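Each remark here refers to the structure printed beneath this line.
There are 4 protein chains.
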Amino acid sequence: MLRASIAIAAALLLPLSFAHAEGPNLQDPKVKALVDELVVANHILYNQGVVDGFGHISARSPLDSTHFFMSRSVAPSAVTAADIMEFDADGAVVGGDQRAPYAERFIHSEIYKARGDVTSVVHGHSPSVIPYGVSHVPLRPVFHMSGFLGKGTPIFEIRDAAGAEPDTDMLVKTPRLGTGLAQALGKSSVVLMRGHGFTAVAYSVPVAVFRAVYTDQNARIESEALKLGRPQFLSEEEAMNAQTSMEKLSVRSWEMWKVQAASAK
Amino acid sequence: MLRASIAIAAALLLPLSFAHAEGPNLQDPKVKALVDELVVANHILYNQGVVDGFGHISARSPLDSTHFFMSRSVAPSAVTAADIMEFDADGAVVGGDQRAPYAERFIHSEIYKARGDVTSVVHGHSPSVIPYGVSHVPLRPVFHMSGFLGKGTPIFEIRDAAGAEPDTDMLVKTPRLGTGLAQALGKSSVVLMRGHGFTAVAYSVPVAVFRAVYTDQNARIESEALKLGRPQFLSEEEAMNAQTSMEKLSVRSWEMWKVQAASAK
Amino acid sequence: MLRASIAIAAALLLPLSFAHAEGPNLQDPKVKALVDELVVANHILYNQGVVDGFGHISARSPLDSTHFFMSRSVAPSAVTAADIMEFDADGAVVGGDQRAPYAERFIHSEIYKARGDVTSVVHGHSPSVIPYGVSHVPLRPVFHMSGFLGKGTPIFEIRDAAGAEPDTDMLVKTPRLGTGLAQALGKSSVVLMRGHGFTAVAYSVPVAVFRAVYTDQNARIESEALKLGRPQFLSEEEAMNAQTSMEKLSVRSWEMWKVQAASAK
Amino acid sequence: MLRASIAIAAALLLPLSFAHAEGPNLQDPKVKALVDELVVANHILYNQGVVDGFGHISARSPLDSTHFFMSRSVAPSAVTAADIMEFDADGAVVGGDQRAPYAERFIHSEIYKARGDVTSVVHGHSPSVIPYGVSHVPLRPVFHMSGFLGKGTPIFEIRDAAGAEPDTDMLVKTPRLGTGLAQALGKSSVVLMRGHGFTAVAYSVPVAVFRAVYTDQNARIESEALKLGRPQFLSEEEAMNAQTSMEKLSVRSWEMWKVQAASAK
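Have a look at this one:
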């Protein structure tokens, strides 16, 4: 109710240019569609347990490929279109938007800079994935849904990127740390972050969400398979082939998760 | 609402023959009953965690025992009677239906061909079951609910069936691979698929669902029992006797799961 | 709707004596109260994951201490007061009631016969508990909520009770097998059943439910504690003292579970 | 309905002084705000699985720093503002309130006495945490969300505090046992209680809830990481830095959990 009142007040009192200043230009249909997709993605990631009160997803701007869109600092389950902000290539807020951004926006800015093929980045703290970032057991594709893990799941050691003061607060909250993370990611689709979580990247918002969800599921399955002993993983070619086939079908998961997330409210 | 409008429009505008062309003949009471059972089965399998956005269940046609019914390519949770298609003995779409079928329909066609006693086939990717397909620890009946596992749970190695190019995308999407899967299944009720999932078969839709759900539950229990050490499984005779007794009562589970799936919507 | 119609029809058409013949005499306030408690208990046990489509709870009759009440053969989540039947000391149906009883009613009849202190019996198949019935690791009280496990958790080996034909269907469906189970239980509160599940007993319906729920929880905690290594269990005296203290407070859990079960519908 | 009727009757019939006698003075805005926060905290802790029918959270009084507020003896999920009672420095009920308090209020009173920096105390029995209290594997910060564990997670052995009769009922229901617990806690944020559960403390209700939830999540992650082998924990400095950063953001979790708990009703 309060939120609605504020929204109405804003619509009546603020000139349009200022409204635009507070986030992406929703008048543009491509921007509007992408922002709506980001909102759904936030709710799906929460509903699927990839994020809780923390974690975020961004998308590269369709109007300026050096920019990206991401929510202001708020719990993913609560994100609405009005919460989406625009950032430039260095992770700086665009257009005089005064709202608080996520401290870890440099995860996103530095990956977009390093990886021209990436248009969406998910960062989360799935409990099942974290053990693989703090041990020496590699996370590997155990079934066809996670063929995208076949390119490797390197671990980002924040101490290595932190320089002279290696004891950080574990957050990637400077461009330097973001660069280190992007370097660790390399050409992979997923990078594990020691003592923190993971980041998954893709060429679309739905595929980034798909990879984040199945990274989590692969971790759970692999952990149980390791207890049985010596699991057989997909071969490199199997992983590549499975990735191609399954990601073509990922819209099926997206549509289902969208319905689930909406009905869970 | 939109879906309903489309349905009404279809009812008004399309000649009956064309409507029939798009799937099984719902005018036939036996077909209608089986299609309704398949729809419920899809929702139960989703609600019980046997399938997510992927996975499928089919049933042999009561009118032509070489044919079978299965949903078009859509998430199981979303399946309605209008989504059910009819396939022939080779997994080809019947009646000029232009909708996209599941790529893995050859799992079903080849099992129906090889196993005259089977009238329903479930294929899923339960996270608890996958470890048993990638390790060398057999999945065995650990309690009376899963006596049907007593006939063995062979592993289908897709590389063996793939021939000259063993690195597939892990999907059973050719008749040749389907034949290999049916051979691996043999006379068992469940076949594990390496790096992929499992397939359960039965003499009715409810019993196929029952076996799929308890395959998953047996896997979870066995994994914990193995950690305690040296679990005692059912003897061959115990498994056979328990299967006979419990499957007579499986309608009790079916009715409960049906209510659960409906109320979860 | 149908159910309601049948109930109304029954109320109008059937003589009262016949209505009584179909189950306990609900005209008696003590019987009515106990039957209502049994219905709630069925829903709680389902909601807490102790039973699924199978499993049952009974209570000793307040009018004839050799008799007991239990639902007809139906999923616990669906039980209503009209489903409760009355059984005699040998597990035979009382009063010409023609409905199908649970095959395993001899679990209950034989325990009531052997244990005068027991007024309620729960039988379930919690996935967490089953591993302790098929391994040689004892289920022991790992925290104050499960002090009732301090009297031991013997395993019932159905082969030992089955006599000349040891390969049963794992179900306790004869008086002989029930007697064997009651002997295995001895003076304990919980007996594990190899390859099947467990049975918990108590001096009231709410405490029987309490013990069943915390048997399950203790099993889950102990399994994780065993993986950490050499857990310290409650001493015999601690278990006894904790049981006395916590069971006095068990009504608090009962009231909470009752609300949860009702709101989960 | 009954509850409402009683509340109305109370409002009409009882003099204000007596109403005040039954709990904190809700006329005071600071007291009212804190009591409302405690109610929300109870529901969040239940919804997040930190407490079930048992467990409690308290807050230091803003009017008298030797006093604290906590619910009467009722399941956390059911707590309302009317259930909150006031206790003095020794855990005695204030103001002639005749309602039954939690037996374990001395956990709270003795910690408030020993730790001037603590204004909120949570006590729970999370199944994931209990194994760390009965084994010799330390619970340590495995990711940035649980930096507060960096100060150590000592184990309270109730036998050591119990004196001449070491076999207790495991409950901290005397001032002497509470003193022992507070001593074991020392300067840490979390103390594990052997065979019982854990207690988390903080400088605000939302942060105490945050620490309780992430103590549970850390335990689950660490247990899986230990199975992979030799997990790398946060360094002492990383833990301290992460704690500072994340606890500033803990309101984000609080707001999200509040919405979740409210919608779960």
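Those protein sequences? They're chains V, F, W and E, same order as listed. Following our numbering, the numbering of the first sequence begins with 2 at its first residue and continues without gaps. Following our numbering, the numbering of the second sequence begins with 2 at its first residue and continues without gaps. Following our numbering, the numbering of the third sequence begins with 2 at its first residue and continues without gaps. Following our numbering, the numbering of the fourth sequence begins with 2 at its first residue and continues without gaps. Every residue, glycine too, gets a C-beta built ideally from N, C-alpha and C. Remember, predicted model here, so these are calculated numbers, not experimental data.
Task: Minimum Cβ-Cβ distance from E:E239 to chain V less than 8 angstroms - done: Start at 1 with the first residue of the fourth sequence, and residue 239 of chain E comes out as number 238. Judged by the 8 angstroms Cβ criterion, E:E239 is in contact with chain V.
Open item on the list: At a CB distance below 7 angstroms, what residues from the segment 218-249 of chain F approach chain W? Give them in sequence order.
Closed with: Q218, R221, I222, E225, A226, K228, L229, G230, R231, P232, Q233, L235, S236, E238, E239, N242, A243, T245, S246
Task: Among E:T169, E:G24, E:F144, nearest to E:R100 - alpha-carbon criterion - done: Taking the fourth sequence and counting its residues from 1, one reaches residue 100 of chain E at position 99. Comparing Cα-Cα distances from E:R100 to each of E:T169, E:G24, E:F144, the minimum goes to E:G24.
Task: Start and end residues, beta strand (DSSP E) containing E:V123 - done: For the purposes of this step, residue 123 of chain E is taken as residue 122 along the fourth sequence, with counting starting at 1. Looking at the DSSP string, the run of the beta strand (DSSP E) that includes E:V123 is 121-125.
Open item on the list: According to DSSP, is W:H145 part of a helix, a strand, or is it coil?
Closed with: In the third sequence, the residue the question calls residue 145 of chain W occupies position 144. Residue state, collapsed to three classes: helix.
Task: F:T200 vs F:I108 beta-carbon contact at 8 angstroms - done: Here residue 200 of chain F corresponds to residue number 199 of the second sequence, with the count starting at 1. Here residue 108 of chain F corresponds to residue number 107 of the second sequence, with the count starting at 1. Cβ atoms of F:T200 and F:I108: closer than 8 angstroms.
- [ ] Count the other CB atoms, across all protein chains shown, that sit within 10 Å of the CB of W:G148; report buried if there are 16 or more and exposed otherwise.
- [x] Position 147 of the third sequence holds residue 148 of chain W. Looking at its Cβ environment, which holds 16 or more other Cβ atoms inside 10 Å, W:G148 is buried.
Open item on the list: So if DSSP puts F:M71 in a beta bridge, which residue, or which two residues, is it bridged to?
Closed with: Translated into the one-based positions of the second sequence, residue 71 of chain F becomes position 70. The partner list for F:M71 (beta bridge, DSSP) reads F:S59, F:M86.
Task: For V:F157, the residue or residues it bridges with in DSSP - done: Counted from its first residue, the first sequence places residue 157 of chain V at position 156. V:M194, per the DSSP bridge assignment.
Task: Amino acids of chain W, ordered along the chain, whose beta-carbon sits closer than 9 angstroms to that of F:S254 - done: Working through the second sequence from its first residue, we reach residue 254 of chain F at position 253. D53, G54, F55, A76, listed in chain order.
Task: Presumed contact (8 angstroms Cβ cut-off) between E:H126 and E:G198, rounded CB distance - done: On the fourth sequence, residue 126 of chain E is found 125 positions in, with the first residue counted as 1. On the fourth sequence, residue 198 of chain E is found 197 positions in, with the first residue counted as 1. The Cβ separation is near 4 angstroms, so the contact holds.
Task: Anticipated Cβ contact below 8 angstroms, W:L172 with W:A93, distance rounded - done: Here residue 172 of chain W is taken as the residue at index 171 of the third sequence, counted from 1. Here residue 93 of chain W is taken as the residue at index 92 of the third sequence, counted from 1. Their Cβ separation, rounded to whole angstroms, is 17 angstroms, which puts W:L172 and W:A93 out of contact at 8 angstroms.
Open item on the list: Which of the three DSSP states is assigned to E:T169 in this structure?
Closed with: Within the fourth sequence, numbered from 1, the residue matching residue 169 of chain E stands at position 168. Note: E:T169 maps to coil in three-state DSSP.
Task: C-beta neighbour in chain W for E:I108, strict 8 angstroms - done: On the fourth sequence, position 107 is the one that residue 108 of chain E refers to. No, E:I108 does not count as interfacial toward chain W.
Task: Alpha-carbon to alpha-carbon, F:A79 and F:Q28 - done: The sequence position of residue 28 of chain F within the second sequence is 27, counting from 1. The sequence position of residue 79 of chain F within the second sequence is 78, counting from 1. For F:Q28 and F:A79, the distance between alpha carbons rounds to 23 angstroms.
Task: Environment of E:D53 [buried if 16+ CB atoms lie within 10 Å] - done: What you label residue 53 of chain E is simply residue 52 of the fourth sequence in a count that begins at 1. It counts as buried.
Open item on the list: Using C-beta distances below 8 angstroms, list every residue in its chain close to E:W258, excluding the 5 sequence neighbours before and after it, in chain order.
Closed with: Along the fourth sequence, read from residue 1 onward, the residue named residue 258 of chain E stands at position 257. Same-chain partners within the cutoff: I45, N48, Q49, V210, V214.
TODO: Please report how far the alpha carbon of W:V1 lies from the alpha carbon of W:L64, in whole angstroms.
DONE: Chain W is shown from 2 up to 266; residue 1 of chain W falls before or after that span and cannot be answered.
- [ ] Between the Cα of W:N43 and those of W:A82, W:I159, W:E248, spot the shortest distance and give me the residue it belongs to.
- [x] Mapped onto the third sequence, residue 43 of chain W falls at position 42. Closest by alpha carbon: W:A82.
Task: Among W:S224, W:Y204, W:Q233, nearest to W:V119 - alpha-carbon criterion - done: In the third sequence, counting from the first residue as 1, residue 119 of chain W sits at position 118. Ranking W:S224, W:Y204, W:Q233 by Cα distance to W:V119 puts W:Y204 first.
- [ ] Would you be able to state if there are at least three C-beta pairs under 8 angstroms between the segment 235-242 of chain F and the segment 144-164 of chain F?
- [x] yes
Task: Contact list for E:V143 against chain V, beta-carbon separation under 9 angstroms - done: Position 142 of the fourth sequence, counting from 1, holds the residue named residue 143 of chain E. The contacting residues are I131, P132, V135, G196.
Open item on the list: If distances are taken between C-alpha atoms only, which option among V:F157, V:P207, V:I58, V:Q261 comes closest to V:P77?
Closed with: As a first step, residue 77 of chain V is located in the first sequence; it is residue number 76 there, counting from the start. Ranking V:F157, V:P207, V:I58, V:Q261 by Cα distance to V:P77 puts V:I58 first.
TODO: Rounded to whole angstroms, what's the CA-CA distance from F:S74 to F:P102? Just pull it up for me.
DONE: Working through the second sequence from its first residue, we reach residue 74 of chain F at position 73. Working through the second sequence from its first residue, we reach residue 102 of chain F at position 101. So the alpha carbons of these two residues sit roughly 5 angstroms apart.
Task: Among F:F70, F:G164, F:V130, the one whose alpha carbon lies nearest that of F:V122 - done: Translated into the one-based positions of the second sequence, residue 122 of chain F becomes position 121. Comparing Cα-Cα distances from F:V122 to each of F:F70, F:G164, F:V130, the minimum goes to F:F70.
- [ ] For W:A10, collect the residues of the same chain with a Cβ closer than 8 angstroms to its Cβ; drop the 5 residues on either side in sequence, then sort them by chain order.
- [x] Locating residue 10 of chain W in the third sequence gives position 9, counting from the first residue. Only weak support exists for where W:A10 lies, its pLDDT of 40 falling under 50; the coordinates are left without a value.
TODO: Compile a chain-ordered list of the residues in the segment 164-175 of chain F whose CB is closer than 7 angstroms to at least one CB of chain V.
DONE: D168, T169, D170, M171, L172
TODO: Taking C-beta pairs closer than 7 angstroms, name the residues in chain V that E:M1 reaches, listed in chain order.
DONE: Absent from the model: residue 1 of chain E. The displayed extent of chain E is 2 to 266, so no value can be given.
Task: Proximity test, Cβ basis, 8 angstroms: E:H126 and chain W - done: By 1-based counting over the fourth sequence, the position of residue 126 of chain E is 125. For E:H126, the answer is yes, since a Cβ of chain W falls inside 8 angstroms of its Cβ.
Open item on the list: Can you tell me whether W:T200 is helix, strand or coil according to DSSP?
Closed with: Taking the first residue of the third sequence as 1, we reach residue 200 of chain W at position 199. W:T200: strand per DSSP, three-state reduction.
Task: Cutoff 8 angstroms: E:A123 Cβ touching any chain W Cβ - done: Taking the first residue of the fourth sequence as position 1, residue 123 of chain E is located at position 122. Looking at the sequence provided, one finds Val at residue 123 of chain E rather than Ala. Chain W contact via Cβ: absent.
Open item on the list: Are the CB atoms of W:L186 and W:I131 within a distance shorter than 8 angstroms?
Closed with: The count along the third sequence starts at 1 and reaches residue 131 of chain W at position 130. The count along the third sequence starts at 1 and reaches residue 186 of chain W at position 185. The answer is no: Cβ separation not under 8 angstroms.
- [ ] Output yes or no for whether 8 angstroms exceeds the beta carbon distance between F:I222 and F:F144.
- [x] Residue numbering aside, residue 222 of chain F sits at position 221 when the second sequence is read from its first letter. Residue numbering aside, residue 144 of chain F sits at position 143 when the second sequence is read from its first letter. It is a contact, given that the beta carbons lie within the stated cut-off.
Open item on the list: Check this for me: beta carbons of V:T67 and V:D98, under 8 angstroms apart or not?
Closed with: What you label residue 67 of chain V is simply residue 66 of the first sequence in a count that begins at 1. What you label residue 98 of chain V is simply residue 97 of the first sequence in a count that begins at 1. Cβ atoms of V:T67 and V:D98: not closer than 8 angstroms.
TODO: Show which residues of chain F have a CB atom less than 9 angstroms away from the CB atom of W:V138.
DONE: Your numbering for residue 138 of chain W matches position 137 in the third sequence. Within chain F, the residues near W:V138 are L229, G230.
Task: Alpha-carbon to alpha-carbon, E:V260 and E:R253 - done: Residue mapping note: residue 253 of chain E aligns to position 252 of the fourth sequence, counting from 1. Residue mapping note: residue 260 of chain E aligns to position 259 of the fourth sequence, counting from 1. Cα to Cα, the separation comes out at about 11 angstroms.
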